[in-house]
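Residue numbers (the working numbering), protein chains in the order written: chain A, 61 to 211; chain B, 61 to 211.
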């Protein structure tokens with residue numbers, strides 16, 4: 061999908077697969093962990109082994125950020141994808157060094173915005189898989205999409 | 061709060077303020093945007109001015125990551141803060157270059173984990189303020205905390 065999409069282009073049941081998969085490296089896990097989530101299992105392999113996760117794993121917020129990238133690349137909203145909020149997000153399995161992540165997004169429903177007459181709200185579910193097709197994250201997020209100009 | 065906290069240490073109504081505030085720079089906004097949320101209003105000042113946001117602003121996922129850091133620093137869970145999921149997250153105002161963010165977290169409720177007998181689930185609301193005391197983000201997240209060992 062290379063053309064910019066407007067509110068009217070989205071419909072319930074529509075699906076979007078990520079265009080690529082994203083390989084998560086140990087270096088990226090540690091660098092993100094040191095900046096934003098400095099806990100033993102996100103910044104050190106040895107400490108990770110002795111933790112709840114039995115090894116180094118990505119901060120859930122790194123996974124969420126990667127998922128945003130995959131979603132932005134595969135769903136081109138006119139003017140940009142403006143987040144209206146997260147309804148739910150769950151991390152179902154640890155993301156490990158060298159995992160390759162891909163996303164499947166499904167549009168759950170669409171409605172016009174009450175507060176912004178030029179925009180609609182698109183509600184979507186995203187499922188995130190690793191290279192073994194295990195689900196590592198699930199989320200329901202809403203974003204705004206502009207209405208086509210009729211003038 | 062410098063001592064590691066167990067499930068039994070958390071209670072409804074308990075509050076935690078971030079220990080510091082976090083200054084978000086234009087460089088960090090752009091660097092995060094280029095990596096994870098490459099949209100005009102997160103990577104370029106001029107493009108940002110002509111967008112929905114009327115200026116450069118932080119990806120909501122950068123704000124969420126910074127909030128994780130402030131939460132990890134101010135709530136020291138024994139063994140680390142293990143995210144069990146997000147129930148709700150809303151970005152209520154753009155985060156701009158040089159904004160200083162701080163968090164207030166309140167424990168909403170606590171319950172033992174059905175699936176993991178050694179852990180409890182702590183449900184918390186976090187409100188994120190900028191330097192003008194405007195709310196820029198609100199979230200409800202759950203995390204696991206280990207039970208004190210009784211043996």
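By construction, the Cβ of each residue, glycine as well, lies at the ideal position given by its N, Cα and C atoms.
Checklist entry - If the cut is a Cβ gap below 9 angstroms, which residues of chain A does residue 154 of chain B touch? => result The contacting residues do not exist; residue 154 of chain B stays about 10 angstroms from chain A at best.
Next on the checklist: Please tell me whether residue 107 of chain A has its Cβ less than 7 angstroms away from any Cβ of chain B.
Outcome noted: No, no contact with chain B.
Item to check | Contact residues within the region 80 to 98 of chain A, judged by C-beta distance below 8 angstroms to chain B | outcome: 92, 95, 96, 97 and 98
Checklist entry - If you measure beta-carbon to beta-carbon, which residues of the region 125 to 154 of chain A are closer than 7 angstroms to chain B? => result Taking 7 angstroms as the Cβ-Cβ cut-off against chain B, the residues of the region 125 to 154 of chain A that qualify are 125, 126, 128, 129, 132, 139, 140, 141, 142, 143, 145, 146, 147, 148, 149, 150 and 151.
Checklist entry - Helix, strand or coil for residue 152 of chain B per DSSP? => result DSSP places residue 152 of chain B in coil when its eight states are reduced to three.
Checklist entry - How about residue 117 of chain B and residue 150 of chain B: do their beta carbons lie closer than 7 angstroms? => result no
Checklist entry - Just the Cα atoms here: how many angstroms apart are residue 119 of chain B and residue 174 of chain B? => result 35 angstroms
Checklist entry - Quick one: what does DSSP say residue 205 of chain B is sitting in, helix, strand or coil? => result strand
Checklist entry - residue 173 of chain B touches chain A at which residues, Cβ-Cβ below 7 angstroms? => result The contacting residues do not exist; residue 173 of chain B stays about 12 angstroms from chain A at best.
Checklist entry - Terminal residues of the continuous alpha helix (DSSP H) containing residue 120 of chain B? => result 120 to 134
Item to check | Cut-off 7 angstroms between Cβ atoms - residues of its own chain near residue 100 of chain B, not counting five sequence neighbours on either side | outcome: Same-chain partners within the cutoff: 107, 108 and 111.
Checklist entry - residue 169 of chain B: buried (16+ other C-beta within 10 angstroms of its C-beta) or exposed? => result exposed
Next on the checklist: Would residue 203 of chain B and residue 141 of chain B be called neighbours here (beta carbons separated by less than 7 angstroms)?
Outcome noted: yes
Checklist entry - For residue 183 of chain B, which three-state DSSP category applies? => result strand
Item to check | Own chain residues within Cβ distance below 8 angstroms of residue 198 of chain A, not counting five before or after | outcome: 148, 149, 150, 152, 185, 186, 187 and 188
Next on the checklist: Quick check on residue 121 of chain B - is its C-beta less than 7 angstroms from some C-beta in chain A?
Outcome noted: A Cβ of chain A is located within less than 7 angstroms of the beta carbon of residue 121 of chain B.
Next on the checklist: Taking the straight line between their C-alpha atoms, what separation do you get for residue 95 of chain B and residue 78 of chain A?
Outcome noted: 16 angstroms
Checklist entry - Can residue 172 of chain B and residue 64 of chain B be called in contact, C-beta distance under 7 angstroms? => result Against a cut-off of 7 angstroms, the Cβ pair of residue 64 of chain B and residue 172 of chain B comes out as no contact.
Next on the checklist: So if DSSP puts residue 65 of chain B in a beta bridge, which residue, or which two residues, is it bridged to?
Outcome noted: B/137
Checklist entry - Roughly how many angstroms separate the alpha carbons of residue 103 of chain A and residue 180 of chain A, rounded to a whole number? => result 40 angstroms
Item to check | For residue 75 of chain A, the first and last residue of its enclosing beta strand (DSSP E) | outcome: 75 to 77
Checklist entry - When you compare only the Cα positions, how much space is there between residue 177 of chain A and residue 163 of chain A? => result 30 angstroms
Checklist entry - Would residue 189 of chain A count as contacting chain B if we go by Cβ distances under 7 angstroms? => result no
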